[in-house]
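Q: Taking my numbering, the leading residue of the sequence shown gets 220, the next gets one more, and so forth.
From the three backbone atoms N, C-alpha and C, an ideal C-beta is built for every residue, glycine too.
Once you've had a glance at the structure underneath, I'll fire off some questions.
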Amino acid sequence: MSPGLLEKLLFEFFQVPQRKYVTIWHGGEPTLAGVPFYKEVLRIQKEMVERFGIKGKVTNLIQTNGVLINENWANFIKVSGIKPGFSVDGPSMVHDTHRFYADGRGSLSDTMRAVELLKSKGVRVDAGAVINRDSIEHPMEVFDFLKEHFTRFDFSPCFETLLEGSPLNYGISAEEYASFVRTVFLRWWELDNPEIRVKSFVRYVEAVLGKAPKVCSMSSGCNKFLSVDGNGNVYPCGRFAGLPELCLGNITQVSFEDIRASKVYADYLSNAQYIPEDCHECRWKFACNNGCAALRYTELCYFLPKNPLCEATQDILNFVEHLVSKTKGNN
220 MSPGLLEKLL FEFFQVPQRK YVTIWHGGEP TLAGVPFYKE VLRIQKEMVE
270 RFGIKGKVTN LIQTNGVLIN ENWANFIKVS GIKPGFSVDG PSMVHDTHRF
320 YADGRGSLSD TMRAVELLKS KGVRVDAGAV INRDSIEHPM EVFDFLKEHF
370 TRFDFSPCFE TLLEGSPLNY GISAEEYASF VRTVFLRWWE LDNPEIRVKS
420 FVRYVEAVLG KAPKVCSMSS GCNKFLSVDG NGNVYPCGRF AGLPELCLGN
470 ITQVSFEDIR ASKVYADYLS NAQYIPEDCH ECRWKFACNN GCAALRYTEL
520 CYFLPKNPLC EATQDILNFV EHLVSKTKGN N
């Protein structure tokens, strides 16, 4: 992203009144932009806050594989307050199978070196693990590895929304994901350590206790984020970035407010927030709301009416409800 585009982006962002201003820097690999880029980000943000009298909290997060983080990067992250999240899929047999260099070397050792460097400077590091075909073969190993190195982490399924009968390349089925979650959730539940916070697991517990999750993928909101690529093209979510049919405009030509008021955005929300009739009869509707819209978007550029993870979500919530009820009965 060019300096001029960066300034235009942040200018438009701070024109939208918000309780808090959150920017997530991701890619690709966002550390490729270099420390000077993020110093410029902080300078412009500070200038905008003062210029417009912004009262809301300003937060920056960066999602990284960590392999470029050295002493200079670590010192900058510590003083800047940028919150780092690392992409770590588990031990080497899982992580290095998919995250490797051009010469075939796995990247886990470099990633974990960066994790430990930041932790040595007092920086809290969160992790996100993608659950793929290798992960489901080693659920306990994945959980134990993450637990050993992080206190906060989460899981995301590598789910491919394909036409019926198409082969899976890296992704897993809904049933496989539900099985992985049940296995790992039970280990986490029995561990009973409040220091180990698995974000989606906490949401499941809240749901079975009757609290509607606030996370966008379970709240039918899908209007909390906009995603901007390096050329200024705007998309409704980072998961749709690069899809021309879901481009909402370009930040150099139209403001965020105009985008959010446009017909193309209204049409997107109509699809994203769609809830089938039978979902209204489901006892978990308040905790799912037809799930993440990105999981319903197919390679033929249309939205499936129903979340492919529907039955898996019900299975997970029923399983969690049983454990919670059993625990409440005992204590």
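Can you list, in chain order, the residues of its chain with a C-beta nearer than 7 Å to that of residue 425? Leave out the 5 residues immediately preceding and following it.
A: These residues qualify, in order along the chain: 432.
Q: Taking Cβ positions, are residue 304 and residue 280 nearer each other than 8 Å?
A: Going by C-beta atoms, residue 304 is nearer than 8 Å to residue 280.
Q: Count the other CB atoms, across all protein chains shown, that sit within 10 Å of the CB of residue 234; report buried if there are 16 or more and exposed otherwise.
A: Exposed, by the Cβ-count rule.
Q: Is residue 452 helix, strand or coil by DSSP?
A: Of the three classes helix, strand and coil, the one that applies to residue 452 here is strand, per DSSP.
Q: Rounded to the nearest angstrom, what separates residue 488 and residue 442 at their Cα positions?
A: Near 8 Å, if we compare the C-alpha coordinates of residue 442 and residue 488.
Q: Less than 8 Å between the beta carbons of residue 527 and residue 514, yes or no?
A: Yes, the pair counts as a contact, with Cβ atoms nearer than the cut-off.
Q: Look up residue 542 in the DSSP assignment and say whether it is helix, strand or coil.
A: Reduced to three states, the DSSP call for residue 542 is helix.
Q: I'd like the span of the beta strand (DSSP E) that includes residue 278, first residue to last.
A: Segment 276-283, the beta strand (DSSP E) holding residue 278.
Q: Sort 423, 521, 404, 498 by Cα distance to residue 459 and report the nearest one.
A: With distances taken between Cα atoms, residue 459 lies closest to 521.
Q: At what residues does the alpha helix (DSSP H) containing residue 329 begin and finish?
A: Run containing residue 329: 327-339, per the alpha helix (DSSP H) assignment.
Q: Candidates 525, 285, 533, 337: which alpha carbon is nearest residue 319's?
A: For residue 319, the nearest C-alpha among the options comes from 285.
Q: Could you check where the beta strand (DSSP E) with residue 460 kicks off and where it finishes?
A: Looking at the DSSP string, residue 460 is not in any beta strand (DSSP E), and its letter there is neither H nor E.
Q: Is DSSP giving residue 369 helix, strand or coil here?
A: Looking at residue 369 - three-state DSSP - the assignment turns out to be coil, as it is neither helix nor strand.
Q: Does residue 473 come out as helix, strand or coil in the three-state DSSP assignment?
A: Residue state, collapsed to three classes: coil.
Q: Given this structure, state the Cα-to-Cα distance separating residue 366 from residue 415, to the nearest angstrom.
A: Rounded to whole angstroms, residue 366 to residue 415 spans 7 Å at the Cα level.
Q: Under the assumption that residue 397 contacts residue 534 (Cβ atoms under 8 Å), give the Cβ distance between them as a whole number of angstroms.
A: Between residue 534 and residue 397 the Cβ distance is about 4 Å, and since that is below 8 Å, they are a contact.
Q: Give the straight-line distance between the Cα atoms of residue 499 and residue 531, rounded to the nearest whole angstrom.
A: Taking the straight line joining both Cα atoms gives about 17 Å.
Q: Does the segment 268-278 touch the segment 307-316, meaning 3 or more C-beta pairs lie closer than 8 Å?
A: Counting Cβ pairs under 8 Å, fewer than three are found: no touch.
Q: Looking at residue 373 and residue 417, is the spacing between their C-beta atoms short of 8 Å?
A: Going by C-beta atoms, residue 417 is nearer than 8 Å to residue 373.
Q: Could you round the C-beta distance between residue 400 and residue 540 to whole angstroms and report it? I think they count as a contact, below 8 Å.
A: 14 Å between Cβ atoms; not a contact.
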